[in-house]
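A.B. asks:
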Amino acid sequence: MADNNIKSMLPETSETTHGRHHIKLSEDSLAKQTTTLNLGPTHPATHGVFQNILEVDGERILHTDPTIGYIHRAFEKIAERRPYYQVTPLTDRLNYCSAAINNIGWHLTVEKLVGIQTPKRVDYLRVIIMELARIADHLVCNSVIGVDTGALTGFTYVFQYREKIYDIWEEICGSRLTTNIGRFGGFERNFNQAAWDKLDDFMRTFPHAFEEFQILLDRNRIFMERCMGAGPITAEKALSYSVTGPNLRAAGVDYDVRVSNPYCSYEDFDFKIPIGTTGDVYDRYMVRNTEIWESFSIIQQAIEKIKDLDPSIYHADVPDFYLPEKKDVYTKMESLIYHFKIVMGEINILPGEVYHAVEGGNGELGYYLISDGGRSPYRLHFRRPCFIYYQIYPEIIKGGLLSDAVVTLSSLNVIAGELDA
Amino acid sequence: MGRPVQYNTNEKVTLVDLPEGYSGEGFHATSFDKVIGLARKNSLWPLPFATSCCGIEFMATMASNYDLARFGSERMGFTPRQCDMLLVAGTISKKLGPILRQVYIQMAEPRWVVAIGACASSGGIFDSYSVLQGIDQVIPVDVYVPGCPPRPEGIIDGVLKLQELVGNESLRRRNSEKYKELMQGYGIQ
Amino acid sequence: MLNHEHIIRKLTEKFGSSVSFEEPYGFLTVTVPAADNLKALQFLYDDEELKFRFLTDLTGVHYPDRTGEELSVVYHLHNLVDNVRLRLKIYVPSAQPDVFTATQLFPGANWMERETYDFFGFNFVGHPDLRRILNADEMNYFPMRKEYTLEDPQRTDKDDEMFGR
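Residue numbers (our numbering), protein chains in the order written: chain A, 0 to 420; chain B, 206 to 394; chain C, 208 to 372.
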């Protein structure tokens, strides 16, 4: 009796396919001429956990059904339970390739909410950190495009320079990747001599290495033929899909938050916004390369500007929000109380509603914060650029080759942590 | 002592010590356990299951500065069928848990698992409705590497710890009742 | 140059007294009735002076204490030509959270609305593919609503005194 029930539940076709009842085929599966291909979520070419179910005709992609959310960690819910300072580690883990930008973006948001004015030197130090992060982010993305087109050399070569950036961060905040750098109003400690020395070393050696990386790939015939024309985005489509960052600029729209809504004294710097024309993989690659040079020039300018400023300033004078120095916490009662109050979130944050955006590694990273005056945010929404622009992916790979889809994915710089929050 | 090999005597190459045993002219007698353990431990093929931040640190571990290949893990296999060592780096959500389990089941015995980072070990800072609180809820784990994310040195240390385990593992362990019980505990046949 | 007074004047001309305005931290915030959200977005998009044609962000907020308007959808719009940003809000009751979808106007709203549905349970009327996006399909509640806890209520580990709950 039970046996009969199970049989009646099986589709008709499964009876005919050699008695393999456990494979459920759809009704038209025998008639259809295309292949269904499952790419991900653990496929090595996806660089993260994304699943795409492709419908392919030979090598041509006809249809893509993306599934995301495989590392959804409920950031926005967690943020509603954490005091303001404890949200900083969460932002680290959004786009972990350029964690420092996220940290500073969050600090700028809270500073906007409570009205903290930061001194110029703090702004310039932040600019140095953020631009280093941008270089690190673009280095990963561009070298991974190389890996996906078969050039592993570039990856192993530029990763050494990423390590140098890690070393600089390590001197400043003690951590390599998830930096948790800075505090509301500035930094927890001044840049020490070792940090400056390492920065000098990086500034001296990086241009040569990066030139070599560019020689390896920029005019490499194989690389160009793989990348040109793959996954193009037009400007209209990019704008209608709310694409931001290098991907939008590669499509030919000169929108950069650093210029349109300057924060952190970016208006003091002289830099160009590179744009592309066709928005294909090669344009995105070239836009990122040019941005690395622009970031490099911004850091040079910031180092020059800092020389004229009082070297002892590294935070704004806001004792209500800024954690006291660690050695005072251990020796002075008052500092200990302040430390405890701030860490436990007993600080006077005003009720209010702010949106603050920074130019993250892969687009406009926005923080929409609603405070009700409590110890943790009432609602915090992250505008995660790659969550928004990844939805364009099925459209731009449609009709293209399967191997182009892989390169397109890596050139979009989709970071799983940011995608899934 | 065994007869030294005459060719391939590059001084920079460190050779493993001979396992304990009885040696004479042209032969060395020891137990299978030791020889197979020695071979296994120095040629672990990693399968990186990298999801988030720890995955980037794992990339740094594989890249030029740290170079995990020095310890016999030269070839990253991206197919579970060919790999011995599953490196789970990053947050595993409840949605991803069954997939991780599937990958583990697809691996051939003997197989080992390293949980890299706080998220894979215990859920880490993400104590939320969507995150699996440690991968040991779905698959057995051999070595846990702490850190959020662990430094590349930490990951290498974890791999070395695993090599120790692999080198000393009895050949009969995978057939033992206790091991079968462990697998049954996870519902894996 | 487009300024806030001008936007307020144009919107009041079009929609009368049903819209209200705020300017927290210099960010113009417009609240419209829930039924008019699409009309307002369309007007802001089409008008030759306003030209809010870039949807920066779309998200939801849950206010359990506001009876009858517990859930809110917040749109952030951007006029890239004049570089003016605008926030548009609507409120709906949690008993019937019907909101017209913005996907016809902005294709990029597709996933943003799916995420907002996943978290808060808005019913975006006319959305082409309203499914959960980040959470598993089997999930039977909307986790970002304030009444649900952060931790999984079903779990048995980590519930001792060591973890403080």
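For each residue, glycine too, the CB sits at the ideal point set by N, CA and C.
1) Following the continuous beta strand (DSSP E) through lysine 296 of chain C, name the residue where it begins and the one where it ends.
2) What is the residue span of the beta strand (DSSP E) that asparagine 51 of chain A lies within?
3) Given glycine 249 of chain C, which residues of its chain have a CB within under 8 Å of its CB, disregarding the five upstream and five downstream residues?
4) Chain B beta carbons: is any one of them nearer than 8 Å to that of asparagine 342 of chain C?
5) Any idea what DSSP makes of leucine 467 of chain A, helix, strand or coil?
6) Please classify glutamate 130 of chain A: is it buried, with 16 or more other beta-carbons within 10 angstroms of its beta-carbon, or exposed?
7) Assuming contact is defined by CB atoms lying nearer than 8 Å, are threonine 324 of chain C and leucine 341 of chain C in contact in what I supplied?
8) Run down chain C in chain order and give the residues with a C-beta less than 9 Å from the C-beta of serine 333 of chain B.
9) Taking CB distances under 8 Å as the criterion, tell me whether threonine 238 of chain C reaches chain A.
10) Identify which residue in B:Cys353, B:Asn373, B:Arg377 has its Cα closest to the Cα of arginine 175 of chain A.
11) Name the chain A residues whose beta carbon is nearer than 8 Å to that of lysine 300 of chain B?
12) Taking 8 Å as the cut-off, does the segment 317 to 332 of chain A touch the segment 139 to 146 of chain A (at least 3 CB pairs, one atom from each stretch)?
13) Grab me the residues of threonine 41 of chain A's own chain with a C-beta within less than 8 Å of its C-beta, minus the 5 sequence neighbours each way, in chain order.
14) Where do the N-terminal and C-terminal ends of the beta strand (DSSP E) with serine 227 of chain C fall, by residue?
15) Please classify threonine 219 of chain B: is it buried, with 16 or more other beta-carbons within 10 angstroms of its beta-carbon, or exposed?
16) Return the CA-CA distance between glycine 104 of chain A and valine 256 of chain A, expressed in angstroms with no decimal places.
17) With 8 Å as the threshold, decide whether the Cβ of arginine 273 of chain C is near any Cβ in chain A.
18) Is any beta-carbon of chain A found at less than 8 Å from that of methionine 208 of chain C?
19) Report the option in A:Ile52, A:Gln32, A:Ala30 whose CA atom is closest to the CA atom of leucine 401 of chain A.
20) Beta-carbon of serine 259 of chain A versus every beta-carbon of chain C: anything under 8 Å?
21) Whole angstroms are fine: how far does the CA of tyrosine 349 of chain B sit from the CA of arginine 273 of chain C?
22) Using a Cβ-Cβ cutoff of less than 6 Å, which residues in the same chain neighbour methionine 267 of chain B once the five nearest sequence positions on both sides are dropped?
23) Go ahead and label histidine 213 of chain C buried or exposed: buried means 16 or more other beta carbons lie within 10 angstroms of its beta carbon, across all protein chains shown.
24) Report yes if the C-beta distance between isoleucine 396 of chain A and glycine 184 of chain A is below 8 Å; otherwise report no.
25) What does DSSP give as the partner residue(s) for tyrosine 313 of chain A in the beta ladder?
26) Any idea what DSSP makes of aspartate 166 of chain A, helix, strand or coil?
27) Nearest-angstrom Cα distance between histidine 20 of chain A and glutamate 26 of chain A?
28) For chain B, check one thing: does any of its Cβ atoms lie closer than 8 Å to the Cβ of alanine 415 of chain A?
29) So isoleucine 452 of chain B is in the beta strand (DSSP E); what residue range does that whole segment cover?
30) Between which two residues does the alpha helix (DSSP H) harbouring isoleucine 214 of chain C extend?
31) For a cutoff of 8 Å on Cβ pairs, would you count phenylalanine 250 of chain C as touching chain A?
32) Closer than 8 Å by beta-carbon distance: list the chain C residues that pair up with glutamate 345 of chain A, in chain order.
33) What are the start and end residues of the alpha helix (DSSP H) that includes threonine 108 of chain A?
34) Taking the C-alpha atoms as reference points, what is the distance between valine 109 of chain A and leucine 379 of chain A?
35) What does the alpha-carbon distance come out to for the pair methionine 312 of chain B and threonine 35 of chain A?
36) Taking 8 Å as the CB-CB cut-off, is glutamate 445 of chain B touching chain A?
C.D. replies: Short version:
1) Secondary structure note for lysine 296 of chain C: its beta strand (DSSP E) is the uninterrupted segment 291 to 299.
2) For asparagine 51 of chain A, the uninterrupted beta strand (DSSP E) run begins and ends at 50 to 56, by DSSP.
3) Checking the sequence, you will find glutamine at residue 249 of chain C rather than glycine. For glutamine 249 of chain C, where only same-chain residues beyond five positions count, the Cβ hits under 8 Å are Leu312.
4) By this cut-off, asparagine 342 of chain C is an interface position.
5) There is simply no residue 467 of chain A to check, as chain A begins at 0 and stops at 420 in what is shown.
6) It counts as buried.
7) Reading off the sequence shown, one finds tyrosine at residue 324 of chain C, where the question assumed threonine. Between tyrosine 324 of chain C and leucine 341 of chain C, the CB-CB gap reaches or exceeds 8 Å.
8) Within chain C, the residues whose beta carbon sits less than 9 Å from that of serine 333 of chain B are Pro350, Leu357, Glu358, Asp359, listed in sequence order.
9) Interface flag for threonine 238 of chain C against chain A is unset, since no Cβ pair is found closer than 8 Å.
10) Of the candidates B:Cys353, B:Asn373, B:Arg377, the one whose C-alpha sits nearest the C-alpha of arginine 175 of chain A is B:Cys353.
11) Correct list: Gly68, Tyr69, His71.
12) No, because fewer than three Cβ pairs between the segment 139 to 146 of chain A and the segment 317 to 332 of chain A fall closer than 8 Å, the two stretches do not touch.
13) Same-chain partners within the cutoff: Val48.
14) First-last of the beta strand (DSSP E) with serine 227 of chain C: 227 to 229.
15) Only exposed fits threonine 219 of chain B, as fewer than 16 other CB atoms lie within 10 angstroms of its CB.
16) One alpha carbon belongs to glycine 104 of chain A, the other to valine 256 of chain A, and they sit about 12 Å apart.
17) Chain A, which has no Cβ nearer than 8 Å to the Cβ of arginine 273 of chain C, makes this no.
18) False, the Cβ-Cβ gap to chain A never drops below 8 Å.
19) Minimum Cα distance to leucine 401 of chain A is reached at A:Ile52.
20) Under the Cβ criterion of 8 Å, serine 259 of chain A is counted among the residues facing chain C.
21) Answer to the nearest angstrom: the Cα atoms are 47 Å apart.
22) Once the five neighbours on either side are set aside, the close Cβ partners of methionine 267 of chain B are Leu273.
23) It is exposed - the Cβ of histidine 213 of chain C has fewer than 16 other Cβ atoms within 10 Å.
24) Cβ atoms of isoleucine 396 of chain A and glycine 184 of chain A: not closer than 8 Å.
25) According to DSSP, which records beta bridges pairwise, tyrosine 313 of chain A is partnered with nothing at all.
26) In this structure, DSSP gives aspartate 166 of chain A a helical state, which the three-state scheme calls helix.
27) At histidine 20 of chain A the pLDDT is 45, less than 50, meaning the model places this residue with poor confidence; the figure from the coordinates comes in the next sentence. Here the alpha carbon of histidine 20 of chain A sits roughly 14 Å from the alpha carbon of glutamate 26 of chain A.
28) Chain B, which has a Cβ nearer than 8 Å to the Cβ of alanine 415 of chain A, makes this yes.
29) The first residue shown for chain B is 206 and the last is 394, placing residue 452 of chain B beyond what the model contains.
30) From DSSP, the alpha helix (DSSP H) with isoleucine 214 of chain C extends over 211 to 222.
31) No, phenylalanine 250 of chain C does not count as interfacial toward chain A.
32) The CB of glutamate 345 of chain A never comes closer than 8 Å to any CB in chain C; the least such distance is about 18 Å.
33) Run containing threonine 108 of chain A: 98 to 113, per the alpha helix (DSSP H) assignment.
34) If you take the alpha carbons of valine 109 of chain A and leucine 379 of chain A, they lie about 11 Å apart.
35) Straight-line Cα distance between these residues: approximately 24 Å.
36) The displayed coordinates of chain B run from 206 to 394. Any statement about residue 445 of chain B would go beyond what the structure contains.
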